[in-house]
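Protein sequence lines, in the order shown, are assigned to chains P and W.
Here the first sequence is numbered in our numbering, starting from 5 and rising by one per residue.
Here the second sequence is numbered in our numbering, starting from 513 and rising by one per residue.
For each residue, glycine too, the CB sits at the ideal point set by N, CA and C.
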Amino acid sequence: DAGVTQSPTHLIKTRGQHVTLRCSPISGHKSVSWYQQVLGQGPQFIFQYYEKEERGRGNFPDRFSARQFPNYSSELNVNALLLGDSALYLCASSLNHRTSFGTDTQYFGPGTRLTVL
Amino acid sequence: AQKVTQAQTEISVVEKEDVTLDCVYETRDTTYYLFWYKQPPSGELVFLIRRNSFDEQNEISGRYSWNFQKSTSSFNFTITASQVVDSAVYFCALSEPRMGGSEKLVFGKGTKLTVNP
C-alpha cells in the first residue's frame with residue numbers, strides 16, 4: 005500500500021509570494037495533519053483536519069491556512085511568504101475515528117522542502 | 513503545558529555499541545501517548561513505537577527497546593548492537609487525546625545519532 009505522498013518535493017519562492025503544498029493520505033485514513041520543521045528543530049503542529057473539518061490549529065499566523073477535500077487529500081496554503089517560513093513541511097495521516105478517545109498513530113510523508121529567498 | 517525534552521543533541525558511537533536516547537516529558541494529563549520516530553537523511557519521519565500512559569511495560573522489538581517510567585516522566589529508547597543504518601535523527605513525541613479533538617504531537621528537538629563503522 006502506498007504511504008503518505010506529498011508534492012512538490014522541493015520548492016523555491018521569494019518573499020511575499022504564495023505557496024500551496026499538497027498531501028494525499030494513506031488509503032483509508034480520514035485525518036490529515038500538517039507540521040513545520042525548521043532546520044535543527046522538531047516538527048511543530050500547524051493544523052489537523054478530519055473529514056474536511058478543522059480539528060486543531062497550532063500557534064501559526066493567519067497567513068497559514070489549509071483545507072481537506074472529499075477524497076481526504078489536503079492542501080496547505082501560505083500567503084505573504086517570509087524568510088522564516090523556509091522549512092520542511094510534513095504531512096501526516098491517521099485513521100482518527102471520530103468517536104475514539106485514543107490517539108491514532110500518525111504516519112508521515114516525505115515532506116516538501118520550501119526555501120524562501 | 514506539554515513539553516518534551518531530549519537533552520542529548522548529538523551522539524556518536526561505533527558500530528555494535530549499545531546506545532540509549534533519553535526523553536523526558538511534561539504533562540498535566542493522566543491520559544497521554546508517547547511516541548518515537550526516526551528521521552533518516554531523506555527527511556521522512558518513520559514511526560517506531562507508541563505507548564499509552566497506562567501501560568508501563570517495557571517493550572523490545574529486535575534490537576530496539578523502550579523503557580517507560582512514569583515516576584521520572586521518562587521514555588528512553590535503547591538500540592542494542594548499533595548498526596550504520598541506525599544513523600538518523602530520533603524524535604520523542606507526546607500527545608494528549610481529546611474526544612473529538614486534535615491529535616497534536618508535541619516533539620522534542622531530536623537526538624542525532626551517528627553510528628560509525
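Cut-off 6 Å between Cβ atoms - residues of its own chain near residue i, not counting five sequence neighbours on either side
i, result
"residue 61/P", "51"
"residue 526/W", "628"
"residue 537/W", "516, 585, 606"
"residue 79/P", "24, 26, 71"
"residue 56/P", "72"
Inter-residue CB distance, residue i and residue j (contact presumed, cutoff 8 Å)
i, j, result
"residue 517/W", "residue 623/W", "So it is not a contact: roughly 11 Å between Cβ atoms."
"residue 46/P", "residue 555/W", "Contact flag wrong, Cβ pair sits at about 13 Å."
Cβ-based neighbour list, residue i, same chain, cut-off 8 Å, excluding 5 preceding and 5 following
i, result
"residue 7/P", "30, 111, 113"
"residue 90/P", "42, 118, 119, 120"
"residue 615/W", "607, 609"
"residue 618/W", "514, 515, 516, 605, 606, 607"
"residue 568/W", "580, 581, 582"
Beta-bridge pairing of residue i - partner residues as DSSP gives them
i, result
"residue 581/W", "586/W"
"residue 92/P", "41/P, 117/P"
"residue 17/P", "120/P"
Contact set for residue i: own chain, Cβ-Cβ below 7 Å, skip 5 residues either direction
i, result
"residue 600/W", "550, 551, 552, 625"
Any non-hydrogen atom of the ligand GDP closer than 8 Å to residue i Cβ
i, result
"residue 61/P", "Looking for the ligand GDP in the displayed structure turns up nothing, as the structure carries no ligands at all."
May I have a chain-ordered list of the beta strand (DSSP E) segments no shorter than 3 residues that lie completely inside the segment 520-564 of chain W?
522-526, 531-533, 536-538, 545-551, 558-564
Would the segment 75-91 of chain P count as touching the segment 540-547 of chain W if we require 3 or more Cβ pairs under 8 Å?
no
Contact between the segment 92-99 of chain P and the segment 13-32 of chain P is defined here as three or more beta-carbon pairs at a separation below 8 Å; is this criterion met?
yes
Given 8 Å as the limit, is there contact between the segment 526-539 of chain W and the segment 577-593 of chain W, that is, 3 or more CB pairs closer than that?
yes
To test your reading of the DSSP string, which unbroken beta strand (DSSP E) runs of 3 or more residues are found completely within the segment 41-83 of chain P?
48-54, 57-61, 68-72, 78-82
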